[in-house]
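One structure below.
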Amino acid sequence: MPPNDNRIDARDWSLLTVLSILWGGSFFFNGAALRELPPLTLVFLRVALGAAILLPLLRRQGIGFPKGAAGWTPFVAIGLLNNVIPFSLIVIGQTFVPSGLASILNATTPLFTVMVMAAAGEEALQMRRIAGVALGLLGVIVLRGWGIEARPGQGLGILLGLGGAFSYGFAALAARRLLKDSAPLGTATFQLMASTVMMAAVAGVMEQPWRLPMPGLTTWFAVLGLAGLSTALAYIVFFQILRRSGATNVMLVTLLIPVTAILLGWLVLGEPIFACEIAGAIVIGSALLVIDGRVLNLLRRGV
């Protein structure tokens, strides 16, 4: 992993776009599945099925399991910070706030990551990066519009969403320090396996999922999409970018998620695109250019 997260190459920009589509879909899958499943049970199914999907690939690649408690400790830590805590907080939050607002709250992740990395001494607190993240957050607000429908428990839902984003910032720090030499497929699989054990205990105590009625076919499709696309495949891409471009850069995906969600709605569902959404996308694009820094350097040289 590079010592300083200052640049993203063309390949990783492409992977960030793919990741934004995969993770953007998670908010829609959550919204559909929560109609019949309680939140912690949904998180358990997400990580358990995600791990089950990746295990055959792990075997095919010849990647062995970690050995002993010391070998599993990093993956337990990453699973807790990257899956158990944020997934649970975000999904519970989505019982109080709509999916669109949840994606906006998730877009604060780069800001928390910048602060966590700077506080830990991993990255310098560059004004260019702070300005870019702040500009990106403004773009997300413009993208979704200012209107937020008031509903009971919305304040709690917002706090839970922000808590999930904060946990992602610590997960990026832990992954950078603990998993420098781990293969992306192994990291994705082992963290999901560790998360499955933790969520089995939490969901078992809190919700007793074995007592629930069998969900319908639509819910199962949403769960499979959440586990296969937004979890298993997404984490392979995530850890690939993390190794190549670093922790702060990979978290820029959360700024792209609302943009890709709107574009998917337009392309797949025929939903209209409004002027505020176009303006927000332009602001976010400008923010990403500021964070990347190369355009600013070219402008300075031109001057």
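In this text, residue positions in the sequence shown follow the working numbering: the first is 25, and each later residue adds one.
Even glycine gets a Cβ: it sits at the ideal position worked out from N, Cα and C.
Bear in mind that the values here come from a model prediction, so they are computed numbers and not experimental data.
Figure out for me which residue from 260, 215, 208, 299 has the closest Cα to the Cα of residue 98. 215
Compute the distance between the beta-carbons of residue 185 and residue 129, then report whether it is under 8 Å. yes
Tell me which residue opens and which closes the alpha helix (DSSP H) that residue 47 is part of. 34-57
Among 290, 251, 107, nearest to residue 53 - alpha-carbon criterion: 251
Kindly indicate the opening and closing residues of the alpha helix (DSSP H) around residue 196. 178-202
Checking 8 Å against the spacing of the C-beta atoms, do residue 209 and residue 260 come in under that value? yes
Expected contact under 8 Å - CB spacing of residue 120 and residue 193 to nearest Å: 22 Å between Cβ atoms; not a contact.
Would you kindly work out how many angstroms separate the C-alpha atoms of residue 44 and residue 188, rounded to a whole number? 17 Å
Which residue's Cα is closest to the Cα of residue 62: 265, 314, 229, 283? 229
By the three-class DSSP mapping on this structure, what secondary structure does residue 129 have? helix
Expected contact under 8 Å - CB spacing of residue 255 and residue 59 to nearest Å: Wrong, their Cβ atoms sit about 20 Å apart, outside the cutoff.
Pull up the distance between the alpha-carbon of residue 92 and that of residue 39, whole angstroms please. 33 Å
Express the C-alpha separation of residue 240 and residue 141 in angstroms, rounding to a whole number. 43 Å
For residue 253, name the three-state secondary structure that DSSP assigns. helix
Terminal residues of the alpha helix (DSSP H) in which residue 94 lies: 92-103
So, at 7 Å on beta carbons, what are the nonlocal neighbours of residue 203 in its own chain, with the 5 sequence-adjacent residues on each side left out? 98, 102, 211
Less than 8 Å separating the beta-carbons of residue 82 and residue 310? no
What whole-angstrom Cβ distance do residue 51 and residue 143 have, given they're in contact under 8 Å? Actually they do not touch by this definition, with Cβ atoms about 29 Å apart.
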